[in-house]
Each structure stands twice: as structure tokens, then as C-alpha cells.
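Asks: Count the sequence shown with the numbering used here and you get residues 407 to 606, in order. Where is the CB? At the ideal position from N, CA and C, for every residue including glycine. Owing to the predicted nature of the structure, the values given are computational and were not obtained by experimental measurement.
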Amino acid sequence: MIYSKSFDRCIKELSKLPGIGKKTALRLSMQLLKMNQKDVEDIANAIIDLKKNTKFCIRCGAMAEGEVCPICTDNNRDKQIICVVEEAKDVFLIEVSGKYNGVYHVLGGRLAPLDGINPDDLRIKELLERIREDQVKEVILATNPDVEGDTTAIFLKKLISKNFDIKVTRIATGVPIGGYLEYTDEITILKSLENRREML
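#1: I need the DSSP call for K422, collapsed to helix, strand or coil.
#2: What are the complete beta strand (DSSP E) segments, minimum 3 residues, inside the stretch 502-568?
#3: In the DSSP assignment, find the alpha helix (DSSP H) that holds D484 and state where it starts and stops.
#4: I think L570 touches I530, with their Cβ atoms under 8 Å apart; what is that distance to the nearest whole Å?
#5: Kindly provide the ranges of any beta strand (DSSP E) runs that are 3 or more residues long and lie completely inside the stretch 428-492, ordered along the chain.
#6: For the beta strand (DSSP E) that R576 lies in, which residues bound it at each end?
#7: With C-beta atoms as the reference, is R483 less than 8 Å away from V509?
#8: Which class does R602 belong to by DSSP, given the choice of helix, strand or coil?
#9: Looking only at its own chain, which residues have a Cβ that is under 7 Å from the Cβ of C463, when we skip the five neighbours before and after it?
#10: Whose C-alpha, out of D540, N524, I560, is nearest the C-alpha of I577?
#11: Between the stretch 489-499 and the stretch 550-569, can you find at least three pairs of beta-carbon atoms closer than 8 Å?
#12: With C-beta atoms as the reference, is R602 less than 8 Å away from T558?
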């Protein structure tokens, strides 16, 4: 113990978050210590509420407070266009552009055989069911433009084309090669969607 037990515990707990090392956890703990009590309690309560109330939509896999997310229940959305993303956070990133009016499908990851992530580990079966049930006309593959994301997109394109006669497109490369949607600004994401190309 270098500081107080409470301070050390805070550093230890914050360090469990991805991307937060001990130095960052130390800075965050110090900042929390300097903040007024109400603000710290608001942060703590927001984290508790997030974990208690936020689930994943049983239909698309995006974040939801109930069984189904607001996007899936929105009758103004075009249910015949599905944008396929790797993670639930990617839905939020595309939604920020404010221009996409279709629905989403979250895979829950991407193919990475070396890491033991295979097609059965992703929500691919559910995607095929939705394409069939909703008479989907276009699937936009918005996986990240890196090796695993491209591998996933190519696999999905082949699988979809084998089972359905529909348009399958890929987001344009405005998103940098090897980049991630979460590090891309909303204008670039919008342009990548607008300039999507059909996969051959």
C-alpha cells in the first residue's frame, strides 16, 4: 500500500478497464478525489445503472433498456437494409452520422481463427434468419477494415450470396486500412456508408 487502502483499491479497480493502465488509473483516482461528493456519486450511480439496466437487443444485438432496442421498434426505419457491424458500440458510431435509416445486426465480434473465434461464435445464424424473415434487399458489411474485419466481410458475402439473391455492399475505404470505426470521425463514417461498393 502506497497511499490509502481506498485509493489503492480505486486504482486497482479502474485498472481492470481495457486501455487503462496503472498510471491512468492513478490520475483518474486523483481526479475523483478532487471532485465534489455529488459528482463522484453521480458517476458511480451511472455505472451501476448502466450495468443493471442496459441489455442487448434480442433482435439485432445493439444496446437496449428492454428486450428490443428503439431502432428495431422504429417503424420509420427501412427494415430491408441491414448494416452488419462487429460490436454494439459500432451502432452508436454510425448513428451519430444521423443519415443511415436502415437497421443493424451486431455480430458480437469478428472471425479470428488464430484466437479461436469461428463462425459459430458469432451471430451469423441470426443474421441469415433476419434476411429471410424481413425480405432484406441489401446487407451493408461495416466490419473494421483490417485483416479480421475483411476476412469476416468476405465470409459473410459468400454465405449470403449462396443463400439469397440480394445486394451485398462493403463500406468504402474512407475508414483507414487497419483502422477501427470507433477512432473514425462521423463525417468519414457517413462518406464510407454513402460510397459503399457492391462486393463481387
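Replies: Inspection of the coordinates gives the following:
#1: Residue mapping note: residue 422 aligns to position 16 of the sequence shown, counting from 1. Assigned with DSSP and collapsed to three states, K422 falls in coil, not helix or strand.
#2: 508-512, 544-547
#3: On the sequence shown, residue 484 is found 78 positions in, with the first residue counted as 1. From DSSP, D484 is part of no alpha helix (DSSP H) but of the beta strand (DSSP E) over 484-491.
#4: Mapped onto the sequence shown, residue 570 falls at position 164. Mapped onto the sequence shown, residue 530 falls at position 124. For the record, residue 570 in the displayed sequence is Phe; it is not Leu. Between I530 and F570 the Cβ distance is about 13 Å, and since that is not below 8 Å, they are no contact.
#5: 484-491
#6: Reading the sequence shown from its first residue, position 170 is the one you call residue 576. Its beta strand (DSSP E) spans residues 573-576.
#7: The residue given as residue 483 occupies position 77 in the sequence shown. The residue given as residue 509 occupies position 103 in the sequence shown. Contact: yes.
#8: In the sequence shown, the residue the question calls residue 602 occupies position 196. Correct three-state label for R602: coil.
#9: Indexing the sequence shown from 1 puts residue 463 at position 57. These residues qualify, in order along the chain: A470, V474, C475, C478.
#10: Start at 1 with the first residue of the sequence shown, and residue 577 comes out as number 171. Out of D540, N524, I560, I560 has the C-alpha closest to the C-alpha of I577.
#11: yes
#12: Taking the first residue of the sequence shown as position 1, residue 602 is located at position 196. Taking the first residue of the sequence shown as position 1, residue 558 is located at position 152. No; because the gap between Cβ atoms is not below 8 Å, this pair is not in contact.
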